[in-house]
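See below for the structure under consideration.
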Amino acid sequence: MPQILPPLAELDEHARVEPSFEQWRQGYGPLQHAAETQAGVFRLAHQLVQAGLQPDVASVYRLLHALDRLTAAGLWLVVHMTYARRVRLDGAPLEAEDFKANPEGHTGGALNMVPAYAGYLALNALSGENRGWLMGQGHCVAAIDALNLLTGNQLPEQARAYPGDESGMTRLVRDFYSYRQAADGRPAVPLGSHVNAHTAGGIAEGGYLGFAELQYAHLPLPGETLVAFLSDGAAEEQRGSDWMPRWWRAEDCGAALPVMIANGRRIEQRTELGSHEGLEGFRQHLRRCGFDPIGFDGRDPAAFACTLWEMQQRLGRRVEELERGILGYPLPIPYGIAETIKGFGFYGAGSNAAHNLPLPGCPQRDADSRELFNRHAAALWVPPQELSAACALFTGARQGRPLPRDNPLALRHPPAPAMPALHYCRPGERISPMAALDRFFVDLVLANPELRPRVGNPDELASNRLGGVLKALKHRVCQPESELEALDGKVITALNEEAVVSACLGNQGGLNLVASYEAFCVKMLGAVRQCLIFARQQKEVGRPAGWLGWPLVATSHTWENGKNQQSHQDTTFSEALLGEMGDMLRVLFPADHNSLLALLPSLYEARGQLACLVVPKRDRPVLFDRSQAEQLAREGALIVEELAGAEPLLLIANGSYQLAEMRRAAERLRAAGQAYRLVYLQEPGRFRAPRDRWEAAALADPQVIARLFPDSHARRVLLTHMRPEVARGHLWPILPDARRTLALGYCNVGGTLDEAGMLFANHASWAHVLEACATLLEVPATTLLTREEADILAGRGDPAQLHASCQGV
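Just remember that our numbering sits 158 ahead of the position in the sequence shown, which is counted from 1.
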């Protein structure tokens with residue numbers, strides 16, 4: 159660490175006076191304390207006493223002495239989780255039958271996380287502050303589960319299953335990667351391969367490397383502190399993590415302490431940071447980005463505790479200097495670099511094999527591997543009485559304070575927002591549906607000043623008709639150059655969809671909005687899905703996520719982007735999200751201003767639930783009055799119009815432009831005297847077959863389904879915004895007879911076309927709807943189309959004439 163004080167001679171003198179310091183300085187097993195760390199501990203101890211957080215320096219040294227034993231036991235337990243079927247607290251060697259037949263685990267990374275998480279726990283205990291934590295490399299969860307067991311920092315189901323005795327530890331190692339299933343097919347043990355809803359204090363799975371780097375700065379609120387453990391491979395390659403200093407503000411952000419575990423290896427190769435030149439180059443890169451890198455010994459838990467404390471103090475001093483006008487934004491954000499080797503503390507450290515299974519073979523079947531396991535585990539073993547005393551120091555240090563698992567970030571539950579007035583338009587007006595969202599979100603933010611707003615913007619808010627949001631909330635920049643930019647702007651703008659959606663996914667204590675071109679929303683899918691998976695797991699174990707819902711808005715969508723090439727014409731986003739559980743994410747296609755407006759209160763009142771809104775940005779006619787719009791929001795679909803008669807057709811429109819085409823087709827059916835019913839399907843996920851009991855509770859009432867889609871209307875034509883095959887697969891309950899159902903939609907055809915051209919190219923125009931109706935009625939197409947129109951559909955004419963005809967329908 160920089161500014162190493164006091165000198166070693168003074169430390170030696172201090173050690174003679176303070177036997178507890180000398181005892182700690184001896185280390186334990188592979189845990190040894192470099193001179194730099196000794197100086198840091200000396201400084202930490204005196205600062206804690208001066209701050210009134212510890213009664214004397216000896217108390218600090220005693221806990222750090224216990225920290226070495228806790229860390230060694232954590233390393234010991236982690237390797238048992240990978241390889242063993244039992245533990246022996248007496249330290250006796252394990253026999254062949256004590257090992258798993260098929261060992262599994264991300265052993266090397268988990269070993270590296272043991273001193274990191276142990277140091278975090280130690281600093282919490284020493285300072286009395288309950289910091290949150292985030293781990294980007296979620297596959298290292300064995301370290302968290304092992305140390306939580308040893309310190310009694312468990313959620314109830316893990317506490318019951320894994321008490322801190324030999325039987326509890328044995329059950330822990332047996333359950334790890336046991337693949338046991340409950341009767342319903344779900345995992346039967348409160349343990350997983352990654353951070354999950356059973357992981358005490360966990361707030362993200364960390365299954366997608368790189369997303370923690372993008373979210374950590376946006377997670378803590380003022381007065382909170384978050385420690386973010388990051389991957390060196392992800393940190394050196396994930397563009398966007400570099401930008402955190404440009405967005406962090408003391409006025410609306412809590413302390414964010416990023417610590418990269420620089421173990422130098424990916425799964426099967428060395429990282430650039432695995433070399434001296436690469437690590438030094440990364441430090442220079444961090445400085446250029448506005449960070450203040452601090453290197454330290456990543457093998458020593460005390461070094462983690464000291465560095466985290468120093469990072470927090472430095473950040474506090476910089477905020478003071480900002481308030482005095484000495485510094486300006488971006489502030490130099492402290493960034494810890496924990497220098498270590500992969501799998502430190504066990505056989506195979508520093509090798510590619512350390513990532514997963516460091517031993518050369520399976521100890522159950524290979525005597526050499528068994529001997530290696532027992533020899534290297536013995537170096538980590540802590541006698542039971544000594545371990546019990548060490549763990550007791552950590553539990554006793556809480557003195558009635560909340561457990562580390564109960565930090566504010568893990569218990570996020572902001573107050574319910576006050577809803578602004580809704581300003582509906584008169585049917586017949588032409589207005590962009592996005593105008594409803596634009597006004598509503600500005601009013602929502604004004605009505606809830608205690609809820610921190612974030613807007614994720616990868617491109618152009620004005621282009622997406624959110625000019626009011628931009629004017630009111632402004633781009634967040636360090637050097638404003640226009641009236642639409644501000645130091646305290648709430649709009650996070652970067653041409654990186656993962657980064658901007660992560661700003662909102664991290665803002666779990668506030669109000670959020672993300673808007674992007676539909677085709678480019680696809681880049682957000684991984685981050686969104688990770689959030690949804692974790693929230694669903696929390697719900698399933700009875701601790702549902704408390705953050706407020708918000709929409710991901712896919713605008714400038716496929717049917718409006720004909721002017722651009724086919725890269726801008728992609729319906730994947732809504733299709734993919736329709737595959738997620740319907741109680742966690744709503745996929746919605748509001749057709750006009752009023753139908754979008756009626757949805758918004760329910761989206762922001764929801765807890766632990768996101769919404770995908772596919773919205774046209776161009777002016778569209780207002781079709782639904784307030785009553786109809788609110789019915790659509792409640793029920794997910796609405797009868798738009800119908801003509802009674804024999805053998806009625808059921809027309810189902812999904813999407814604003816699709817509804818317009820269906821209405822044009824319906825006029826021709828009415829003129830021909832053909833009975834029909836036109837239903838607008840705003841929320842297709844409400845009409846799927848449920849996949850479990852939670853999703854079943856979010857579906858439409860059976861009586862609503864029977865009223866909207868009666869059996870008497872057997873012949874059905876679906877015109878969807880999405881790919882028809884995808885929509886048809888999800889909607890089979892309301893499209894039950896494949897022989898009497900046709901589905902039309904996006905067929906992966908596009909180019910530089912106008913709206914009508916896009917519809918025609920994808921066989922999704924009003925004329926194609928009528929052709930489908932004729933097919934189901936088993937009559938010639940010319941029954942509903944003119945000869946010229948039928949020829950155009952058959953490829954024997956000019957589509958422009960059909961477009962002109964379309965305008966007159």
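We put the beta carbon where it would ideally sit given N, CA and C, even for glycine. Small disclaimer: the values here were computed from a predicted structure and weren't measured.
For residue i, three-class secondary structure by DSSP
i: S621; result: coil
i: L163; result: Legend: pLDDT at L163 = 41, less than 50; position of this residue unreliable, no value from coordinates given.
i: G668; result: strand
i: V353; result: coil
i: L911; result: coil
i: E287; result: coil
i: G887; result: helix
i: T933; result: helix
i: Q816; result: helix
i: G843; result: helix
i: T899; result: strand
i: H238; result: helix
i: A854; result: helix
i: L960; result: helix
i: F257; result: strand
i: Q696; result: helix
i: R873; result: strand
Residue i: first and last residue of the uninterrupted beta strand (DSSP E) it sits in
i: A579; result: Neither: A579 is in no beta strand (DSSP E) and is coded neither H nor E.
i: D741; result: D741 -> no beta strand (DSSP E), and no H or E assigned at all.
i: D450; result: F449 to D455
i: T383; result: T383 to S389
i: A317; result: First-last for A317: P314 to A319, but that is the alpha helix (DSSP H), not the beta strand (DSSP E).
i: P416; result: A413 to A420
i: V649; result: V649 to T651
i: T498; result: Run containing T498: none; DSSP gives neither H nor E here.
i: C770; result: L768 to V772
Status (buried if at least 16 other CB within 10 Å, exposed otherwise) for residue i
i: C905; result: exposed
i: I691; result: buried
i: A420; result: buried
i: P938; result: exposed
i: Q637; result: exposed
i: E738; result: buried
i: G483; result: exposed
i: Q666; result: buried
i: Q184; result: exposed
i: P860; result: exposed
Beta-carbon contacts of residue i that lie in its chain and below 8 Å, excluding the five residues immediately before and after
i: A605; result: P575, A576, M577 and P578
i: L645; result: R407, Y487, R634, V635, C636 and P638
i: G249; result: A536, W539 and P541
Through-space distance from residue j to residue i, alpha-carbon basis
i: G887; j: S725; result: 25 Å
i: E676; j: D455; result: 46 Å
i: P542; j: A652; result: 53 Å
i: R404; j: L489; result: 8 Å
i: G704; j: L569; result: 8 Å
i: A829; j: M742; result: 43 Å
i: Q470; j: A413; result: 7 Å
i: T731; j: D526; result: It should be noted that the sequence gives Phe, not Thr, for residue 731. Those two C-alpha atoms are separated by around 52 Å.
i: W852; j: G700; result: 12 Å
i: Q965; j: R849; result: Because the pLDDT of Q965 is 42, which lies under 50, any placement of that residue in the model is unreliable, and the question is left without a value.
i: F867; j: S753; result: 20 Å
Neighbour flag for residue i against chain B, beta carbons, 8 Å
i: P345; result: Structure shown: chain B not included; a single protein chain is present.
Extent of the continuous alpha helix (DSSP H) run through residue i
i: V613; result: That residue, V613, is in no alpha helix (DSSP H); its beta strand (DSSP E) goes R610 to N615.
i: E946; result: R945 to L951
i: G474; result: P459 to E481
i: M880; result: No alpha helix (DSSP H) holds M880; DSSP gives it neither H nor E.
i: E799; result: Here E799 belongs to no alpha helix (DSSP H); instead the beta strand (DSSP E) covers A795 to L801.
i: W708; result: Element bounds for W708: not the alpha helix (DSSP H) but the beta strand (DSSP E), W708 to T713.
i: P542; result: P542 to G554
Same chain, Cβ closer than 7 Å to residue i, five either side skipped, listed in chain order
i: V215; result: E176, A203, H204 and V207
i: L757; result: L746, P748 and A791
i: Q786; result: L796
Beta-carbon contacts of residue i that lie in its chain and below 6 Å, excluding the five residues immediately before and after
i: P160; result: In this prediction, P160 has a pLDDT of 36, which is less than 50 and means its spatial position is unreliable; nothing more can be read from the coordinates.
i: Y366; result: G684 and Q688
i: G501; result: G266, L269, A507, A512 and P516
i: H223; result: Q181 and W182
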